[in-house]
Each structure stands twice: as structure tokens, then as C-alpha cells.
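Take a look at the structure set out below.
2 protein chains.
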Amino acid sequence: MSYDLLEQNINKNLNLSKAELNTICKNFKEKSFRKKEFLLTQGSICKFEGFVVEGCFRVFTLDKKGNENTLYFAAKDWWLMDIDSFMNRTTSDLSIEALEDSRLLLISRQDKMALYESLPITEKLFRIMFQKGLVSWQRRLVRNHCFTAKERYFHFIQSYPDIASKLTDKQIAGYLGIRHEFLSKIKKSEK
Amino acid sequence: MSYDLLEQNINKNLNLSKAELNTICKNFKEKSFRKKEFLLTQGSICKFEGFVVEGCFRVFTLDKKGNENTLYFAAKDWWLMDIDSFMNRTTSDLSIEALEDSRLLLISRQDKMALYESLPITEKLFRIMFQKGLVSWQRRLVRNHCFTAKERYFHFIQSYPDIASKLTDKQIAGYLGIRHEFLSKIKKSEK
DNA sequence: CGCGACGTTGATTTGCCTCAACGATTGTGG
DNA sequence: CCACAATCGTTGAGGCAAATCAACGTCGCG
Numbered sequence: 001m002s003y004d005l006l007e008q009n010i011n012k013n014l015n016l017s018k019a020e021l022n023t024i025c026k027n028f029k030e031k032s033f034r035k036k037e038f039l040l041t042q043g044s045i046c047k048f049e050g051f052v053v054e055g056c057f058r059v060f061t062l063d064k065k066g067n068e069n070t071l072y073f074a075a076k077d078w079w080l081m082d083i084d085s086f087m088n089r090t091t092s093d094l095s096i097e098a099l100e101d102s103r104l105l106l107i108s109r110q111d112k113m114a115l116y117e118s119l120p121i122t123e124k125l126f127r128i129m130f131q132k133g134l135v136s137w138q139r140r141l142v143r144n145h146c147f148t149a150k151e152r153y154f155h156f157i158q159s160y161p162d163i164a165s166k167l168t169d170k171q172i173a174g175y176l177g178i179r180h181e182f183l184s185k186i187k188k189s190e191k
Numbered sequence: 001m002s003y004d005l006l007e008q009n010i011n012k013n014l015n016l017s018k019a020e021l022n023t024i025c026k027n028f029k030e031k032s033f034r035k036k037e038f039l040l041t042q043g044s045i046c047k048f049e050g051f052v053v054e055g056c057f058r059v060f061t062l063d064k065k066g067n068e069n070t071l072y073f074a075a076k077d078w079w080l081m082d083i084d085s086f087m088n089r090t091t092s093d094l095s096i097e098a099l100e101d102s103r104l105l106l107i108s109r110q111d112k113m114a115l116y117e118s119l120p121i122t123e124k125l126f127r128i129m130f131q132k133g134l135v136s137w138q139r140r141l142v143r144n145h146c147f148t149a150k151e152r153y154f155h156f157i158q159s160y161p162d163i164a165s166k167l168t169d170k171q172i173a174g175y176l177g178i179r180h181e182f183l184s185k186i187k188k189s190e191k
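Quick note, the sequences are listed as chains A and B, same order. Going by the working numbering, the first sequence opens with residue 1, and the numbers climb by one from there. Going by the working numbering, the second sequence opens with residue 1, and the numbers climb by one from there.
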């Protein structure tokens, strides 16, 4: 099966036995997505937590002014979901779209809750994962306040060159929180 | 003792028995802070995770341009720490300062790790707390991208009127990511 | 081939910053 | 308790970063 990547990803956070890894993984079902297909659309409920085996997704929200604001991209070896909608069964403010043909491992809310019950070590696993996530979001917020758009752009392409190379400038602009016309001017300005 | 508030806070996330609550709480030591006293200074290591029993703190970072950027305020019933520095024992980019005479309940890293071991349900507790934290940070990032400074200001004072009323305009500006001169102009512009 | 999304470029506008001056408020030491 | 200093809040002039709007070339795809 294609659980190898997921197992490695888990082991980066917490060392688990082969049996534990297997118990976790067997709750995930593989699903393929064609380019431009949606895992989640704004206004519906997020039914799955996903792990990217192959491909790339963008997680974004459409605001009142009609701008698509990208929270993050998820390439191979990343997790993705609307955590709020998934856990609380509220309608989601987010959409998740495949940027290329992709494969995900998906776990339903029900299976995840059952997994927390049956294998308590997963609580620790996700405690650690969420903890790391918090750090990233705090750092990103500070960057957005302290850095100019140009500084944020170069920080992004240097930190995630493999993801950046798959994206259009419009998508990158949506992540940086700027208009794509301005990104074009940044790129021209030098380097 | 003054563990009541902490116990209530925990129970909002996860219903625990009296015995479990007691096991958790006894790891926390109370400490008082005078106004302007620091729990953590940028460049040192965050030794404690804290829960605010009384008073108010600001968690901020000083960037290269000399601007104090406030990540969040923590009033009564809030948690605070540099989660990155606390867990990974790295030097912190953050400072934490009491905005008024305050009281905290503090737990050391060692005691927290031991607590995770001895009472595994705390993994679930913090998994849930961190999960909620993630949602807040994601929402805040979107607000920062979609909203103007004026919209962010009114959102803040309406969402947290009790905290906002304790703060100077300079502190609020540091949270919104704008200069306090501009906040003054926002307030004058209407309402 | 032709359409629609993407990227570029320029002109103009706007949101917010910078700097500087000054009154109001708070804090502090004598 | 007062006097003075320090910090805070306000205001104005000017500047820069980024948005907006519009036009146009390019590319990929059906």
C-alpha cells in the first residue's frame, strides 16, 4: 500500500510501533483528485482530514470583496482540512482545490474520533502536530506584520521552492495577501 | 486555593473528574507579577506555561525596525507562553509583560512532561486546546489579509471589550499591526 | 483556431507610515 | 502633595507601499 509516506510523517512527530502505525493507517482511504477538483467547498461541511501522498492543494477562502485568500498550500507530505468544520461540524469558510492531479489519504470524523478512543497515543500524536502548527501560524502572523510584500515573497520561495515552482503567480499572490499585479512588479524590480 | 478558575477553564474543553483536575492543578504554582514585570524576555528560554488568574499580559516581539508587534493579550482565564521555546528549549523571540498587577498559575516544562506521562488524558486536553488555538490563528490571519486597519480595530474592541478597555492605544496598535498615530486617526474618523 | 486565464505594464488612487510638534495624562521623587 | 519628567494621544505635512483600473500580449486548452 501507499501508507509509507504517512507512516514516515507520523514517525517524525512520535515514534510508534509498526502495529500502532498500522492501526492508524488502516483508517485512511486513498482517493484521487483531478486537477481543479475540490475536496471541500466553502459553505459545506468538511467531512475528511487529509494527508497528501502525491500532488498539491490550496486551502483558501473567498472574502466579501471577491479576493481569494490562500491560507496555505499542501503538497506531498502535508496535512490538510478545515479543522474547525471537521471537528465541530460547522459549515466551512474554506475551499480546498487540487492544483494538479493528486492522491490523498482521507480519514472521516467518525473514524478519527474512534481512533482517539481506541488508540490513545494518537491524542499525543495530534497534540504534537497541532502544537507545531501553532508555532507556524504565530510566526507567519509576525512575518505578515513585520515584512513587506517583497520580503514575504522571497521568504516564501526560498522556504518552499518545490511548492512555489508549481504555483502560478496569482496563487502565490493569494498566499502573500497581495494582488497579482503587484507581485509582477515585485518580480520585475530585481533579482 | 485559587485553582477554581483553572478547573473551570479545563472543564470547558474536556470533562474531567475531580481527582484528575486535582492531579493537574497541583503541578501549577501561583506567582504574582507587578505591573510592567516580565514573565519572559526575548532571547531567553521560556521555562513556564502560564494560566492567568488575575490581571492581564501582553505577548509581543520586537522586530528589526524596532516595532513591538503584539501576538496576543492574555487576560483572566487565558493561557500564555512561547510554546516553541517552552517545548523545544530554544531561545525565545517573544517577551511577556504584565500590563497590571497580576497573578499566574505556572507549570514548568518538566512537570508538564511528567503530567503527560502520568495522566494521559492531559494529552487529549491539550490536543483540544491547541486545536482551538489553530482555528483562532487561521481566522486572525484571514482577517489581517481581508480587513482594513479600521475594520480590524472595530472587530477587536467588539470581540474583546473587557481586554480592550484595559489597553492603551499604543498597545492596541501593536496588536493590529499599525502605528498608534494611525489608530488615533481611525478613532477620530467616526463613531 | 479561438477563447479564456494568466502575466505585464502604466496611470492613478488610497491606506498607512514617517517625522515632527504639541497638549494631556500618568508616574515619580523630593 | 507638588513639580517635573516621561509617556501617551492628537494632529498635520509629506512620502511610500500596495490597490485599483484598464489595456494589451501570451499561452494553454478545448
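Where is the CB? At the ideal position from N, CA and C, for every residue including glycine.
Where residue i meets chain B, residues with beta-carbon distance less than 7 angstroms
i              : result
I83 (chain A)  : Q131, L134 and V135
T61 (chain A)  : V142
P161 (chain A) : Within chain B, no residue comes near P161 (chain A); the closest Cβ sits about 22 angstroms away, beyond 7 angstroms.
M113 (chain A) : Neighbours of M113 (chain A) on chain B: none; closest Cβ ~11 angstroms, over 7 angstroms.
F126 (chain A) : R127
E37 (chain A)  : Simply none; closest approach about 23 angstroms.
Which residues DSSP lists as bridging residue i, in chain order
i              : result
F48 (chain A)  : A:S108
I96 (chain B)  : B:L40 and B:V59
E151 (chain B) : DSSP output for E151 (chain B) lists no bridge partner at all.
A75 (chain A)  : A:C56
R103 (chain A) : A:S32 and A:E54
E68 (chain B)  : B:L62
T91 (chain A)  : A:I45
L80 (chain B)  : B:G50
CB of residue i within 7 angstroms of CB of residue j, strictly
i              : j              : result
R89 (chain B)  : E54 (chain B)  : no
L27 (chain A)  : L105 (chain A) : The amino acid occupying residue 27 (chain A) in the given sequence is Asn; Leu does not appear at that position. Not a contact, by the Cβ cut-off of 7 angstroms.
L80 (chain A)  : F57 (chain A)  : yes
D111 (chain B) : L94 (chain B)  : no
S92 (chain B)  : L40 (chain B)  : yes
H193 (chain A) : N69 (chain B)  : In the structure as shown, chain A starts at 1 and stops at 191, and residue 193 (chain A) therefore has no counterpart that could be examined.
E49 (chain B)  : K124 (chain A) : no
F73 (chain B)  : C46 (chain B)  : no
F51 (chain B)  : A98 (chain B)  : no
I186 (chain B) : Y153 (chain B) : yes
L141 (chain A) : L141 (chain B) : yes
Best match in the options for proximity to residue i [C-alpha to C-alpha]
i              : options                          : result
E37 (chain B)  : B:I157, B:D63, B:K166 and B:I96  : B:I96
F67 (chain B)  : B:G174, B:S189 and B:Q158        : The sequence shown places Asn at residue 67 (chain B), rather than the Phe named in the question. Ranking the options by Cα distance to N67 (chain B), first place goes to B:G174.
P120 (chain B) : B:I24, B:N9, B:K12 and B:D4      : B:I24
S118 (chain B) : B:S165, B:K187, B:E20 and B:I10  : B:E20
L183 (chain B) : B:A149, B:N13 and B:M113         : B:A149
E7 (chain A)   : A:L141, A:W78 and A:S165         : A:W78
S44 (chain A)  : A:K35, A:N11, A:D84 and A:N13    : A:D84
N9 (chain B)   : B:D63, B:L71, B:K76 and B:K31    : B:K76
K167 (chain A) : A:F126, A:K65, A:E100 and A:V142 : The sequence given here places Leu at residue 167 (chain A); Lys does not occur at that position. For the residues A:F126, A:K65, A:E100 and A:V142, the minimum Cα distance to L167 (chain A) belongs to A:E100.
L71 (chain A)  : B:R143, B:K29, B:K35 and B:Q171  : B:R143
K12 (chain B)  : B:D63, B:D169, B:Q42 and B:F126  : B:F126
K64 (chain B)  : A:S165, A:N22, A:I172 and A:F147 : A:F147
E151 (chain B) : B:Q171, B:S189, B:N22 and B:S165 : B:S189
Q42 (chain A)  : A:L62, A:S165 and A:S17          : A:L62
Chain A contact residues for residue i, given Cβ-Cβ distances below 7 angstroms
i              : result
F156 (chain B) : By Cβ distance, chain A contributes nothing, its closest Cβ being about 14 angstroms from F156 (chain B), past 7 angstroms.
E97 (chain B)  : In chain order: nothing, as chain A lies at least about 17 angstroms away.
Contact set between residue i and chain B, taken where Cβ atoms lie within less than 9 angstroms
i             : result
L71 (chain A) : Q138, L141 and V142
E49 (chain A) : The contacting residues do not exist; E49 (chain A) stays about 11 angstroms from chain B at best.
Chain A residues whose Cβ lies nearer than 9 angstroms to that of residue i
i              : result
C146 (chain B) : T61, D63, K64, K65, N67, N69 and G177
E54 (chain B)  : Residues of chain A passing the Cβ test: none, with the nearest at roughly 25 angstroms.
E20 (chain B)  : What E20 (chain B) touches in chain A: nothing, since even the nearest Cβ is about 14 angstroms away.
Neighbour list for residue i in chain B, Cβ cutoff strictly below 8 angstroms
i              : result
E151 (chain A) : Residues of chain B passing the Cβ test: none, with the nearest at roughly 11 angstroms.
E117 (chain A) : The premise fails here: E117 (chain A) is roughly 10 angstroms from chain B at the closest Cβ pair, so nothing lies under 8 angstroms.
Beta-carbon neighbours of residue i, restricted to chain A and to distances below 8 angstroms
i              : result
E181 (chain B) : Those within 8 angstroms of E181 (chain B) in chain A number zero; the least Cβ separation is about 16 angstroms.
**Request:** Count the CB pairs spanning the region 131-150 of chain B and the region 134-147 of chain A that are closer than 8 angstroms, and state whether there are at least three.
**Result:** Short answer: they touch.
- Message: Between the region 159-166 of chain B and the region 153-171 of chain A, can you find at least three pairs of beta-carbon atoms closer than 8 angstroms?
- Response: With a cut-off of 8 angstroms, the region 159-166 of chain B and the region 153-171 of chain A do not count as touching, because too few Cβ pairs lie within range.
message: Check whether the region 3-17 of chain B and the region 179-187 of chain A touch, using three or more Cβ-Cβ pairs below 8 angstroms as the test.
response: no
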